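Report on the structure given below.
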Amino acid sequence: MALLHKLRREKEAAVGGVVPSGTFRTKDGRYVVIGGNGDSVYSRLMAAIGRPDMSAANPTYATNSLRVAAEGAIMEQIEQWAEKHTLEEVMAAMTKARVPAGPILSPAAIMAEPQFQARGMIHSASPPSGGDPVTMPALLPVLSRTPGTTRWAGPELGEHTEEVLRGELGLGDEELANLRAVGAI
1 MALLHKLRRE KEAAVGGVVP SGTFRTKDGR YVVIGGNGDS VYSRLMAAIG RPDMSAANPT
61 YATNSLRVAA EGAIMEQIEQ WAEKHTLEEV MAAMTKARVP AGPILSPAAI MAEPQFQARG
121 MIHSASPPSG GDPVTMPALL PVLSRTPGTT RWAGPELGEH TEEVLRGELG LGDEELANLR
181 AVGAI
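Residue 114 in UniProt numbering sits at position 114 of the sequence shown, and the numbers go up by one each step.
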């Protein structure tokens with residue numbers, strides 16, 4: 001969208017030109033992505049949220065192009081419904097209705113997710129100075145014949161501070177000494 005010099009509106013579909021599709025906040029403060037792409041999926045979604053009157057059987061919402069025109073009203077209905085249900089309830093309803101949906105996971109949940117673990121998408125690497133390994137995303141995509149590896153966990157905290165302060169900000173020895181004296185670096 002930025003290349004077209006357009007900004008998406010707050011309640012605009014996540015997949016441009018496909019309504020409805022987007023991210024919705026749930027009652028428990030978590031987020032879910034729901035995609036009601038296609039007339040039959042859209043109708044099942046609207047029935048699942050208690051709005052069968054807004055299904056594709058209604059001439060106002062019969063085609064995707066008509067739904068694009070009514071995007072704000074459709075997205076608002078899904079948003080209001082999602083805010084009344086927990087993530088688990090939303091996922092159960094979408095699964096039962098056969099509507100594509102998925103939770104947005106926190107970094108901690110991603111690290112603990114069995115599917116990510118089984119696919120080798122999470123691994124550990126040691127910091128350069130030793131110590132406890134750091135859990136981090138693996139090199140993606142994970143390929144069976146050439147899976148890739150991470151050789152190190154990245155630079156130590158502050159390892160490049162002086163280099164950046166000198167090179168990018170042009171600070172000299174005296175200025176760096178003053179920053180050290182006050183505990184800034």
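Ideal placement from N, C-alpha and C gives every residue a C-beta, glycine not left out.
Note that the structure is predicted; figures quoted are calculated from it, not measured.
In the displayed model, arginine 119 falls within coil according to three-state DSSP, outside both helix and strand.
Distance check between glutamate 163 and each of Gly154, Trp152, Arg151, Leu176 places Leu176 closest, using alpha-carbon atoms only. The residues Arg119, Gly120, Met121, in chain order, have a CB closer than 7 Å to that of valine 142 in the same chain once the five nearest residues on each side in sequence are set aside. The bridge partners DSSP lists for isoleucine 34 are Gly22, Ala101.
Straight through space, the alpha carbons of proline 127 and aspartate 39 are spaced by roughly 51 Å. The shortest C-alpha to C-alpha distance from lysine 84 to any of Lys27, Gly172, Ala92 is the one to Lys27. Around the beta carbon of valine 182, fewer than 16 other beta carbons lie within 10 angstroms, which makes this residue exposed. DSSP lists His123 as the bridge partner or partners of methionine 136. Burial check for tryptophan 81: the Cβ neighbour count within 10 Å reaches 16 or more, so the residue is buried.
By the neighbour-count definition (other C-beta atoms within 10 Å, threshold 16), alanine 109 is an exposed residue. A residue is called buried when at least 16 other Cβ atoms come within 10 angstroms of its Cβ; serine 65 does not meet this threshold and is exposed. In the displayed model, lysine 84 falls within coil according to three-state DSSP, outside both helix and strand. Contact annotation, methionine 75 with valine 32: C-beta distance approximately 13 Å; criterion of less than 8 Å not satisfied.
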